[in-house]
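Residue numbers (the working numbering): 1 to 316.
Quick reminder that beta carbons are idealized off the backbone N, C-alpha and C, glycines included.
Given the structure is predicted, the values throughout are model-derived calculations rather than measurements.
See below for the structure under consideration.
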């Protein structure tokens with residue numbers, strides 16, 4: 001097997017293994033936190049550089065021909081949901097240098113692509129003008145040339161890790177992403193990975209309170225915007241956040257992701273469980289039957305009819 005400092009190892013021999021996934025699972029248990037793909041990929045690469053090739057069983061027996069993570073290229077076609085390795089300027093020791101980060105495309109415009117970079121908790125726009133302008137294409141190629149030169153002689157293990165990501169990130173990170181997706185122990189939310197076994201499921205009353213809180217929402221929302229609606233409040237931390245996420249996924253009668261295949265934004269799709277006390281009256285517009293009166297309890301069957309007629313929000 002080739003030396004891990006040689007390109008041959010990363011191009012032909014590197015495989016994400018079951019041992020890699022076990023170490024990632026142990027790291028999540030140790031920290032009790034979810035971690036983004038940039039951090040996890042760099043941990044795998046750093047491990048190889050420090051301890052040499054991994055000889056345990058590959059996590060996946062076959063590799064896909066098309067990478068699930070691509071290096072940023074402004075001349076290529078991009079779609080929302082694509083995973084991409086982008087350059088972000090970082091200042092270390094008074095010197096600025098571009099470092100690689102894994103991001104997810106969240107918006108595609110006529111001349112820019114916006115990428116959510118989970119390790120930084122922010123999004124950045126990247127120009128695609130090189131598709132249409134020879135001048136911009138030249139600038140892009142010069143940027144890549146300088147980037148390669150800057151990474152030519154890394155001074156420390158961190159620099160070596162970045163160099164591997166720049167040169168072989170498509171192969172390395174694609175394997176890791178595919179392996180995490182295929183392993184049911186792991187669950188992803190908004191670009192971060194956690195263990196199902198650590199997720200703290202909400203009580204039924206908490207899930208019910210969330211459903212009632214969502215009645216008044218105008219638009220679908222990411223789960224982090226919905227946490228404040230839960231009563232009693234969720235405990236702080238990723239265990240509760242991933243717990244409510246998994247609980248919502250398990251209740252398609254109540255909740256649905258408005259953006260399948262993308263970062264989830266949730267909407268209420270069924271009547272909230274239980275009864276409530278309306279603030280306003282309502283009647284069936286077809287039969288003129290009174291459905292509820294102010295300050296008088298409405299039963300679950302009343303809630304269902306109000307929901308079906310689109311009147312539930314109006315009487316709350």
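Item to check | Burial state of residue 89 (16 or more Cβ within 10 Å) | outcome: Counting Cβ neighbours within 10 Å, residue 89 comes out exposed, since fewer than 16 surround it.
Item to check | Minimum C-alpha distance to residue 6 - residue among 128, 254, 248, 52 | outcome: For residue 6, the closest alpha carbon among the candidates 128, 254, 248, 52 is that of 52.
Item to check | Any beta strand (DSSP E) of 3 or more consecutive residues that is wholly inside the stretch 242-287 | outcome: Entirely contained in the stretch 242-287, the beta strand (DSSP E) runs reaching 3 residues are, in chain order, 255-257, 266-268.
Next on the checklist: Quick check: does the Cβ of residue 150 come within less than 8 Å of any heavy atom belonging to the ligand GDP?
Outcome noted: This structure simply doesn't include the ligand GDP, nor any ligand for that matter.
Item to check | Residue interval of the beta strand (DSSP E) (run including residue 138) | outcome: Per DSSP, residue 138 belongs to no beta strand (DSSP E); it is in the alpha helix (DSSP H), 134-150.
Checklist entry - For residue 297, which option in 289, 316, 286 has the closest C-alpha, if you only look at C-alpha atoms? => result Ranking the options by Cα distance to residue 297, first place goes to 316.
Item to check | Proximity of residue 75 and residue 128 at Cβ, strictly below 9 Å | outcome: It is a contact, given that the beta carbons lie within the stated cut-off.
Next on the checklist: Between which two residues does the beta strand (DSSP E) holding residue 395 run?
Outcome noted: Outside the modelled stretch of the chain, which goes from 1 to 316, sits residue 395, for which no answer is possible.
Next on the checklist: Among the candidates 170, 187, 184, 59, whose CA atom is the shortest distance from the CA of residue 65?
Outcome noted: The shortest Cα separation from residue 65 among 170, 187, 184, 59 belongs to 170.
Item to check | Residues near residue 20 in its chain [Cβ-Cβ closer than 6 Å; skip 5 each side] | outcome: Leaving aside the five residues that flank residue 20 on each side, the residues in its chain whose CB is nearer than 6 Å to its CB run, in chain order, 44.
Checklist entry - Less than 9 Å separating the beta-carbons of residue 173 and residue 61? => result The beta carbons of residue 173 and residue 61 sit no closer together than 9 Å.
Next on the checklist: With a threshold of 8 Å on Cβ separation, who are the neighbours of residue 147 within its own chain once the five nearest residues in sequence on each side are excluded?
Outcome noted: In chain order, 87, 98, 166 place their CB closer than 8 Å to the CB of residue 147, counting only its own chain and leaving out the 5 sequence neighbours on each side.
Item to check | residue 143 burial status per 10 Å Cβ neighbour count (16 or more: buried) | outcome: Classification for residue 143: exposed.
Checklist entry - Can you tell me whether residue 364 is buried or exposed, with buried defined as 16 or more other CB within 10 angstroms of its CB? => result Residue 364 lies beyond the residue range present for the chain, which begins at 1 and ends at 316; the question has no answer from this structure.
Checklist entry - Just the Cα atoms here: how many angstroms apart are residue 233 and residue 292? => result CA-to-CA, the gap between residue 233 and residue 292 works out to about 30 Å.
Item to check | Same chain, Cβ closer than 7 Å to residue 240, neighbours up to 5 away in sequence not counted | outcome: Here the set comprises 200, 234.
Next on the checklist: Just verifying my parser: in three-state terms, what is the DSSP assignment at residue 317?
Outcome noted: Residue 317 is absent from the model: the chain starts at 1 and stops at 316.
Item to check | Buried versus exposed call for residue 219 [16 or more other C-beta atoms within 10 Å across all chains shown] | outcome: Looking at its Cβ environment, which holds fewer than 16 other Cβ atoms inside 10 Å, residue 219 is exposed.
Checklist entry - Is it true that the CB of residue 41 sits closer than 9 Å to the CB of residue 183? => result Judged by their CB atoms, residue 183 and residue 41 are not nearer to each other than the 9 Å cut-off.
Item to check | Identity of the residue in 50, 82, 25 nearest residue 262 by Cα | outcome: Answer by Cα proximity: 82.
Checklist entry - How is residue 17 classed by DSSP in three states: helix, strand or coil? => result Assignment of residue 17 by DSSP, reduced to helix, strand and coil, places it in the strand class.
Item to check | Length of the line joining the Cα atoms of residue 188 and residue 24 | outcome: Residue 188 and residue 24 have their C-alpha atoms roughly 14 Å apart.
Next on the checklist: Less than 9 Å between the C-beta atoms of residue 119 and residue 30, yes or no?
Outcome noted: No, Cβ-Cβ distance for residue 119 and residue 30 is not below 9 Å.
Next on the checklist: Going by DSSP, what residue range makes up the alpha helix (DSSP H) through residue 61?
Outcome noted: Boundaries cannot be given for residue 61, as no alpha helix (DSSP H) includes it and DSSP labels it neither H nor E.
Checklist entry - Taking Cβ positions, are residue 85 and residue 71 nearer each other than 9 Å? => result Taking a C-beta distance under 9 Å as the contact criterion, residue 85 and residue 71 qualify as a contact pair.
Checklist entry - When the Cβ atoms of the stretch 192-199 are set against those of the stretch 224-231, are three or more pairs found closer than 8 Å? => result Counting Cβ pairs under 8 Å, fewer than three are found: no touch.
Checklist entry - Among the residues of its own chain, which have a CB less than 6 Å from the CB of residue 125, if the five just before and after it don't count? => result 112, 114.
Item to check | Outcome for residue 272 when other beta-carbon atoms lying within 10 angstroms are tallied against a minimum of 16 | outcome: Under the 10 Å beta carbon count, residue 272 is surrounded by 16 or more other beta carbons and is classified as buried.
Checklist entry - Can we say the stretch 206-222 touches the stretch 236-256, given the rule of at least three CB pairs closer than 8 Å? => result Contact between the stretch 206-222 and the stretch 236-256 is present: 3 or more CB-CB pairs across the two stretches fall below 8 Å.
Checklist entry - At which residues does the beta strand (DSSP E) containing residue 193 begin and terminate? => result Counting along the chain, the beta strand (DSSP E) containing residue 193 begins and ends at 192-195.
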